[in-house]
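Counting the sequence shown from 1 gives a position; the numbering used here is that position plus 36.
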Amino acid sequence: MAHVELLTYTQFPEKMVASAARLCYSSSSIHEIQQGMTDEKTTHFMDILTENGHETPIEHASFTFG
Numbered sequence: 037m038a039h040v041e042l043l044t045y046t047q048f049p050e051k052m053v054a055s056a057a058r059l060c061y062s063s064s065s066i067h068e069i070q071q072g073m074t075d076e077k078t079t080h081f082m083d084i085l086t087e088n089g090h091e092t093p094i095e096h097a098s099f100t101f102g
């Protein structure tokens, strides 16, 4: 049986996805957006993305196995 392990990953993937999505519609910098991205805002943006079928920002999160 093969042994697979997680080599690296995006920390806080939901926050990264929500921040990237918000950046599209904001004049703020990514750093300003990330600083203001609370758990509640992250959940809200993730809900909006999935409800609207806007799944492209999800590609910002990555998990690498080896």
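All C-beta atoms, glycine included, are put in the ideal place defined by N, C-alpha and C. The structure presented is a predicted model; accordingly, all values stated were derived computationally and were not measured.
The beta carbons of Pro93 and Val53 sit closer together than 8 Å. If you draw a straight line from the Cα of Phe48 to the Cα of Thr86, it comes to about 18 Å.
Leu42 has Phe101 as its beta-bridge partners, per DSSP. Straight-line spacing of the CA atoms in Leu42 and Ala97 works out to 14 Å.
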